[in-house]
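**Q** Numbering (the UniProt record's numbering), first residue to last: 1 to 160.
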Amino acid sequence: MANYTLNDVVIRDFPATPVAVMTHLGDPQGIPDTIRQFVTWRRSVGLGKTVSDTFTIFYCDPRRTSPTQFRLGLCAATTGTIPPNDDPVTQDLIPGGRCAVLRVIGSSDDLEDPATFIYRNWLPGSGEELRDFPLFCQRVTFYPDVPENETVTDLFLPLV
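#1: Measure the alpha-carbon distance for residue 185 versus threonine 151 and round it to whole angstroms.
#2: Helix, strand or coil, according to DSSP, for residue 217 in the structure here?
#3: For serine 107, collect the residues of the same chain with a Cβ closer than 6 angstroms to its Cβ; drop the 5 residues on either side in sequence, then sort them by chain order.
#4: Tell me where the alpha helix (DSSP H) around threonine 116 begins and ends.
#5: Taking threonine 78 as the reference, which of Ile94, Arg71 and Asp87 has the closest Cα?
#6: Buried or exposed, going by whether 16 or more other CB atoms sit within 10 Å of the CB of arginine 43?
#7: Three-state secondary structure (DSSP) at phenylalanine 38?
#8: Between proline 158 and arginine 98, what straight-line distance do the alpha-carbon atoms span, to the nearest angstrom?
#9: Between phenylalanine 55 and valine 89, is the Cβ-Cβ spacing less than 8 angstroms?
#10: Quick check: what's the CA-CA separation for arginine 12 versus glycine 127?
#11: Name the two residues that bound the continuous alpha helix (DSSP H) containing leucine 123.
#12: Classify leucine 25 as helix, strand or coil using the three-state DSSP reduction.
#13: Under 8 angstroms, do phenylalanine 58 and phenylalanine 136 count as touching if we go by C-beta distance?
#14: Does the beta-carbon of isoleucine 82 have 16 or more other beta-carbons within 10 angstroms, so that it is buried, or is it exposed?
#15: I'd like to confirm the pairing. Which residues does DSSP put opposite glycine 97 in its beta bridges?
#16: What is the C-beta distance between threonine 153 and arginine 139, in whole angstroms, given that I count them as a contact (C-beta under 8 angstroms)?
#17: Please return the same chain residues whose Cβ sits closer than 7 angstroms to the Cβ of aspartate 53, not counting the five positions on each side in sequence.
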């Protein structure tokens, strides 16, 4: 676990971002299959990671949600409409607004520790209030493009 400090959290204005989203619903063990399906779809429509920002929306806390109700959104930023498709990909919007941001360096396979830090350690003393949108992250760099210990993920906590 990384040792985060309160100073690691910065407030940023996040721009409203239209996204193509594929929702994983069900046991978290199936996430790798959903990721593979999403990557295949992205490539097929020209929204690969080199031309389209990558986000994940964490709709629920996996520790408090039954595996059958677990929900996660895999997103690619888009400027156009989503063409009809056989994959479960829909158009959505990550709303703009103020966010607390914690940069995570290294593997992003498990973001529970940084999410816990921002909710339990940073938020209570910050004087900030949560906005009605879930925690999300932006995958800034990826393995194997960079060594796994150098990958960068920004974790966003939407604020009022």
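Glycine included, every Cβ here is placed at the ideal spot set by N, Cα and C. Fair warning: this is a prediction, and the values are worked out from it, not measured in the lab.
**A** Taking the structure as given:
#1: Lying before the first or after the last residue shown, residue 185 is absent from the chain, which here runs from 1 to 160.
#2: Any question about residue 217 goes unanswered here, given that the chain covers just 1 to 160.
#3: Glu148
#4: Where threonine 116 is concerned, the enclosing alpha helix (DSSP H) stretches over 112-116.
#5: Ile94
#6: Counting Cβ neighbours within 10 Å, arginine 43 comes out exposed, since fewer than 16 surround it.
#7: helix
#8: 6 angstroms
#9: no
#10: 15 angstroms
#11: 123-126
#12: Residue state, collapsed to three classes: strand.
#13: yes
#14: buried
#15: Phe14
#16: In this structure, threonine 153 and arginine 139 form a Cβ contact; the two beta carbons are roughly 6 angstroms apart against a cut-off of 8 angstroms.
#17: Ala77 and Gln138
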